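In order, the protein sequences belong to chains A and B. The first sequence lines up with residues 1 to 252 when you count with UniProt numbering. The second sequence lines up with residues 1 to 252 when you count with UniProt numbering. Worksheet: one structure, shown below.
There are 2 protein chains.
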Amino acid sequence: MQRLASERKELLLDRLRVDGRLVAKDMAAELDTSEDTIRRDLRELAVAGLCRRVYGGAIPVAPAAASYARRQEIATTSKHRVAVACLELIQPGSTVILDGGTTALEVARLLPHDLDVTVITHSPTIAVALVDHPAEVFILGGRLFKHSVVASGAAAAEAAAQVSADLFLMGVTGVRPDTGLTTGDVDEAAMKRTLSRRAAQTWVMASEEKIGAASPFPVLRLDEVAGIVSDADPQHPVLAELARADVRVLQA
Amino acid sequence: MQRLASERKELLLDRLRVDGRLVAKDMAAELDTSEDTIRRDLRELAVAGLCRRVYGGAIPVAPAAASYARRQEIATTSKHRVAVACLELIQPGSTVILDGGTTALEVARLLPHDLDVTVITHSPTIAVALVDHPAEVFILGGRLFKHSVVASGAAAAEAAAQVSADLFLMGVTGVRPDTGLTTGDVDEAAMKRTLSRRAAQTWVMASEEKIGAASPFPVLRLDEVAGIVSDADPQHPVLAELARADVRVLQA
DNA sequence: TCGTCATGTGCAGTAGTATGCACGAGTCGG
DNA sequence: CCGACTCGTGCATACTACTGCACATGACGA
Numbered sequence: 001m002q003r004l005a006s007e008r009k010e011l012l013l014d015r016l017r018v019d020g021r022l023v024a025k026d027m028a029a030e031l032d033t034s035e036d037t038i039r040r041d042l043r044e045l046a047v048a049g050l051c052r053r054v055y056g057g058a059i060p061v062a063p064a065a066a067s068y069a070r071r072q073e074i075a076t077t078s079k080h081r082v083a084v085a086c087l088e089l090i091q092p093g094s095t096v097i098l099d100g101g102t103t104a105l106e107v108a109r110l111l112p113h114d115l116d117v118t119v120i121t122h123s124p125t126i127a128v129a130l131v132d133h134p135a136e137v138f139i140l141g142g143r144l145f146k147h148s149v150v151a152s153g154a155a156a157a158e159a160a161a162q163v164s165a166d167l168f169l170m171g172v173t174g175v176r177p178d179t180g181l182t183t184g185d186v187d188e189a190a191m192k193r194t195l196s197r198r199a200a201q202t203w204v205m206a207s208e209e210k211i212g213a214a215s216p217f218p219v220l221r222l223d224e225v226a227g228i229v230s231d232a233d234p235q236h237p238v239l240a241e242l243a244r245a246d247v248r249v250l251q252a
Numbered sequence: 001m002q003r004l005a006s007e008r009k010e011l012l013l014d015r016l017r018v019d020g021r022l023v024a025k026d027m028a029a030e031l032d033t034s035e036d037t038i039r040r041d042l043r044e045l046a047v048a049g050l051c052r053r054v055y056g057g058a059i060p061v062a063p064a065a066a067s068y069a070r071r072q073e074i075a076t077t078s079k080h081r082v083a084v085a086c087l088e089l090i091q092p093g094s095t096v097i098l099d100g101g102t103t104a105l106e107v108a109r110l111l112p113h114d115l116d117v118t119v120i121t122h123s124p125t126i127a128v129a130l131v132d133h134p135a136e137v138f139i140l141g142g143r144l145f146k147h148s149v150v151a152s153g154a155a156a157a158e159a160a161a162q163v164s165a166d167l168f169l170m171g172v173t174g175v176r177p178d179t180g181l182t183t184g185d186v187d188e189a190a191m192k193r194t195l196s197r198r199a200a201q202t203w204v205m206a207s208e209e210k211i212g213a214a215s216p217f218p219v220l221r222l223d224e225v226a227g228i229v230s231d232a233d234p235q236h237p238v239l240a241e242l243a244r245a246d247v248r249v250l251q252a
C-alpha cells in the first residue's frame with residue numbers, strides 16, 4: 001500500500017500518543033517499509049519537537065514542566081526589583097488578584113505580614129506560598145495548565161467572573177508598543193483578560209527581559225492597563241516609546 | 001516483550017518512588033535482564049542525580065538534598081504505606097478526587113507516570129506536586145483554608161458540585177465505629193461530604209494513628225464509604241470492630 | 001518529448017551503542 | 001578471617017544509527 005510520508009508520520013505520532021512508546025523495527029514491519037525510513041521520520045519529528053528519540057525507537061515529548069521548577073527557583077534580581085515595586089501598589093485592606101509566574105510569586109513572598117490584604121489567584125503555587133501569610137486567600141479553580149502552573153480554561157474563566165478586586169498584578173511575556181501585551185498561550189491570554197476586567201486597575205509586571213519582546217498571543221493593548229512596573233533602564237528605547245504613548249511606567 | 005532502555009530506567013525510578021529502595025538482583029529477575037544491565041542503568045541514573053547507589057541496589061536521591069521545609073513534608077512511613085496501597089484503587093483511565101493532607105500528597109507523588117488518570121483536587125499543594133505528572137489536573141477553587149491548605153467554603157462546594165469522579169480518596173483525622181469518620185473543621189467536613197457525593201466510590205486513607213481517634217466534626221458514617229485503607233495492625237481492636245461492622249478494610 | 005532537478009526511499013557499509021559474560025577486586029556480615 | 005555476595009572492567013556479540021549512494025518517481029521547463 002502506498003502511503004504518503006506525512007501520513008506515516010501522523011501514524012507514528014498516533015502510536016506515540018496511544019502507547020507512549022514506539023519501536024522503530026516494529027513500526028517498519030507494521031508499515032511495511034524500511035527501518036531507515038522510520039528512523040528518518042523519527043529524526044525529523046524529534047527535530048520538530050514532536051517526539052523524543054531513544055535508542056531503539058521513540059517516546060512522546062517529555063512533559064516540559066521541569067522547566068518551571070527551574071524558573072521558579074531563580075527569582076532573578078530583576079524580578080525581585082519589580083516585585084518590590086509592586087508592593088507599593090497594594091493598599092491596606094484592598095483585594096489583589098495575583099497572576100501566575102515567578103514575579104507574582106516573588107510578590108507573594110514579599111508581602112509584609114502586617115499588610116491586611118485579600119489575595120485572589122489562579123496559581124496554586126502562589127496559594128501555597130501564602131499559607132504562612134495572614135492574608136485571606138481565594139483560589140480560582142479550573143484545569144491546571146502545566147506549563148505556567150495556573151488554573152486555566154473555561155472553568156477558570158467562569159470562576160474569575162465571580163470575583164472583584166481593586167488591583168490585578170498581571171504577568172506577561174512581552175511588552176511592545178506595537179503588539180501591546182502578549183503571552184505564549186491563547187487560554188492564558190483569555191484568562192488574563194478576564195481577570196483584568198474583574199479588577200479596578202491592572203498593572204503589568206514586566207521585568208527587564210520582557211520589554212521589547214513579543215509573544216504569539218495578544219492579551220491587552222497598552223492603553224487598557226493602568227501602567228507597567230519595570231526595572232528596565234528608563235533610557236531604554238522601548239520604555240521611551242511607551243512614555244510617548246502615555247503609558248504610565250512605575251520604575252522599579 | 002521488547003523494552004526500550006529508557007522505559008527500563010523509568011520503571012526503576014518508579015520503583016524507587018514507590019518502595020523507596022530497589023535491589024539490583026530482584027529488578028534483574030523482574031525485568032528479565034541481567035544484573036549488569038540494571039547496575040549500568042543505576043549508575044547512569046546516579047550520575048544524572050536521579051538516584052543514589054548503595055551496595056546491592058539503589059535508593060532515591062538523598063533526603064539531605066531537600067531543604068528543611070521539604071523534609072518536614074516527607075510522609076511518615078505509615079502514610080507512605082497507606083499511599084502505596086491506595087495506588088491499587090486507581091484504575092487506568094479513571095478520574096480521581098484527591099483530598100488534601102499529607103497522605104494524599106504522598107499518593108500524588110507516587111502516581112506512576114505511565115498511569116493515565118485525571119486528578120481533581122482542592123489542594124493547591126497537590127496540584128503543584130502533579131505538575132511533572134502527565135495526568136490531567138483540575139483544581140477546585142475557593143477560600144483557602146490555611147490549616148489544611150485546601151480550598152474550602154461555599155465557593156469550593158459549588159465548584160465541587162460541577163465535577164464527577166470514579167473515586168474519592170478522602171483523608172480524615174479520626175476513624176471509630178461509634179463516631180464514624182471525623183475531622184477537625186466544620187467546613188472541611190462539609191467539603192468532604194460534597195466530594196464524596198461526587199464520586200462513585202469513596203475510600204478513606206487512614207494511617208495508623210487515625211484508627212480509634214475521634215475529631216469534633218463528623219464527616220460520614222462508616223457505611224457511607226466503600227472502605228478504608230489503613231496500615232494498622234489487622235489485630236487492632238478497632239479494626240476488628242470495623243470488620244464486624246462489615247466495613248471493608250484494605251490492608252496497607 | 002526530453003532532460004534535469006528535487007525528493008523520497010532502500011541498500012550497503014561503517015560507526016556507535018547496548019547487553020551479557022567472565023574475571024578479579026572490593027564489600028559485607030558473621 | 002572467611003565465604004558469599006556485589007561491583008567494575010574488558011571484551012565479544014548483537015543490535016541500532018548514521019552516511020553516502022543508487023534508483024525511482026514526479027514536477028518543471030526548454
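Every residue gets a Cβ at the ideal spot worked out from N, C-alpha and C, and that includes glycine. In this text the structure is predicted, and so the values were computed from the model without any measurement.
Query - Cβ of B/Gly142 within 8 Å of any chain A Cβ - result: With 8 Å as the cut-off, B/Gly142 counts as an interface residue toward chain A.
Requested in this report: Verify the CB distance criterion: does B/Ser67 have a CB-CB separation below 8 Å to chain A?
Outcome: Low local confidence applies: a pLDDT of 46 at B/Ser67 is under 50, so the model's placement there is unreliable, with the coordinate-based value given in what follows. Judged by the 8 Å Cβ criterion, B/Ser67 is not in contact with chain A.
**Report entry** Enclosing beta strand (DSSP E) for B/Asp166 [first to last residue]
**Finding:** Where B/Asp166 is concerned, the enclosing beta strand (DSSP E) stretches over Ala165 to Gly171.
**Report entry** Closest Cα partner of A/Pro124 within the set A/Arg53, A/Arg143, A/Arg17 and A/Thr202
**Finding:** Nearest option by C-alpha distance: A/Arg143.
Report task. Kindly give me the distance between the Cβ atoms of A/Gly171 and A/Asp99, rounded to whole angstroms, as I take these residues to be in contact under 8 Å. Result -> So it is a contact: roughly 5 Å between Cβ atoms.
Query raised in the report: Which residue from A/Ala190, A/Arg43 and A/Ala213 puts its Cα closest to that of A/Thr173?
Result: Answer by Cα proximity: A/Ala213.
Query raised in the report: Roughly how many angstroms separate the alpha carbons of B/Gln91 and B/Pro112, rounded to a whole number?
Result: Rounded to the nearest whole angstrom, the C-alpha separation of B/Gln91 and B/Pro112 is 12 Å.
Query raised in the report: The alpha helix (DSSP H) with B/Met242 in it runs from where to where?
Result: In the sequence on display, residue 242 of chain B carries Leu and not Met. Start and end: Pro237 to Arg244.
Query raised in the report: Hey, A/Ala189 and A/Phe217: beta-carbon distance below 8 Å or not?
Result: Yes, the pair counts as a contact, with Cβ atoms nearer than the cut-off.
**Report entry** Rounded distance between the beta-carbons of B/Ala151 and A/Ile139, thought under 8 Å
**Finding:** Rounded to whole angstroms, the Cβ separation of A/Ile139 and B/Ala151 is 5 Å, and the two are in contact under 8 Å.
Query - Residues that B/Leu4 contacts on chain A, provided the C-beta gap is smaller than 8 Å - result: Result: Arg21, Val23, Val54, Tyr55, Gly56, Gly57 and Ile59.
Requested in this report: Measure from the C-beta of B/Ala190 to each C-beta in chain A and report whether the shortest distance is under 8 Å.
Outcome: Output row for B/Ala190: interface = no.
Requested in this report: Tell me, please, which residues DSSP counts as bridged to A/Glu188.
Outcome: The partner list for A/Glu188 (beta bridge, DSSP) is empty, contrary to what the question assumes.
Query raised in the report: Per DSSP, which one or two residues make a beta bridge with B/Glu35?
Result: For B/Glu35, which the question treats as bridged, DSSP gives no partner whatsoever.
Report task. Output yes if chain A places a C-beta closer than 8 Å to the C-beta of B/Ile139; else output no. Result -> True, the Cβ-Cβ gap to chain A drops below 8 Å.
Query raised in the report: According to DSSP, what are the bridge partners of A/Arg109?
Result: Note: A/Arg109 sits in no beta bridge, so no partner.
Query - Whole-Å CB distance - A/Leu250 paired with A/Gly227, under 8 Å assumed - result: The C-beta separation of A/Leu250 from A/Gly227 comes to about 6 Å, placing the pair in contact by the 8 Å criterion.
Query raised in the report: How many Å lie between B/Val119 and B/Ala165 at the Cα?
Result: Approximately 9 Å between the Cα atoms of the pair.
Query raised in the report: Using 8 Å as the threshold, is the region 35–46 of chain A in touch with the region 25–37 of chain B, meaning 3 or more CB pairs across them?
Result: Two segments are said to touch when three or more pairs of C-beta atoms, one from each, lie closer than 8 Å; by this definition the region 35–46 of chain A does not touch the region 25–37 of chain B.
Report task. Return the Cβ separation of A/Leu169 and A/Cys86 in integer angstroms, given the expectation that the two are a contact with Cβ distance under 8 Å. Result -> The pair is a contact, with the Cβ atoms about 6 Å apart (cut-off 8 Å).
Requested in this report: Under 7 Å between beta-carbons, which chain A residues line up against B/Ala199? List them in chain order, please.
Outcome: Per Cβ cutoff of 7 Å: no residues; B/Ala199 is ~17 Å from chain A at best.
Requested in this report: Quick one: give me the first and last residue of the alpha helix (DSSP H) that A/Leu144 is part of.
Outcome: Unbroken run through A/Leu144 is the beta strand (DSSP E), Gly142 to Phe145; no alpha helix (DSSP H).
Query raised in the report: So which residues of chain B does A/Thr125 contact, with C-beta pairs closer than 9 Å?
Result: Residues of chain B passing the Cβ test: Pro124, Ala127, Val128 and Val131.
Query - Where A/Asp178 falls, given that 16 or more other Cβ within 10 Å makes a residue buried - result: Taking every protein chain shown into account, the CB of A/Asp178 has fewer than 16 other CB atoms within 10 angstroms, so this residue is exposed.
Report task. Can you tell me which of A/Arg39, A/Leu130 and A/Val18 puts its alpha carbon nearest to the alpha carbon of B/Gly93? Result -> For the residues A/Arg39, A/Leu130 and A/Val18, the minimum Cα distance to B/Gly93 belongs to A/Val18.
**Report entry** Length of the line joining the Cα atoms of A/Pro234 and A/Ala161
**Finding:** Annotation: A/Pro234 to A/Ala161 spans about 36 Å, alpha carbon to alpha carbon.
Query - DSSP state of A/Glu88 mapped onto helix, strand, coil - result: Here A/Glu88 sits in coil by DSSP.
Query raised in the report: For A/Ser123, which three-state DSSP category applies?
Result: The three-state secondary structure of A/Ser123, taken from DSSP, is coil.
Query - First and last residue of the uninterrupted alpha helix (DSSP H) at A/Ser6 - result: Where A/Ser6 is concerned, the enclosing alpha helix (DSSP H) starts and stops at Ala5 to Asp19.
Report task. Identify the continuous beta strand (DSSP E) that holds B/Gly227 and give its terminal residues. Result -> Per DSSP, B/Gly227 belongs to the beta strand (DSSP E) from Gly227 to Ser230.
Requested in this report: Counting only the same chain and skipping the five closest in sequence on each side, list residues whose C-beta sits under 7 Å from that of A/Asp231.
Outcome: Cβ neighbours of A/Asp231 beyond the five flanking positions: Ser78, Arg81, Val82, Ser207, Glu208 and Ala252.
Query raised in the report: For A/Ser196, does the three-state DSSP call read helix, strand or coil?
Result: It is helical.
Requested in this report: Give the straight-line distance between the Cα atoms of A/Ser148 and A/Lys192, rounded to the nearest whole angstrom.
Outcome: Answer to the nearest angstrom: the Cα atoms are 13 Å apart.
Query raised in the report: Smallest Cα separation from A/Val84: which of A/Met205, A/Glu7 and A/Ala157?
Result: Here the closest residue by C-alpha is A/Met205.
Query raised in the report: How would you list, in chain order, the residues of chain B whose beta-carbon sits under 7 Å from the beta-carbon of A/Val149?
Result: Residues of chain B passing the Cβ test: Val128 and Val131.
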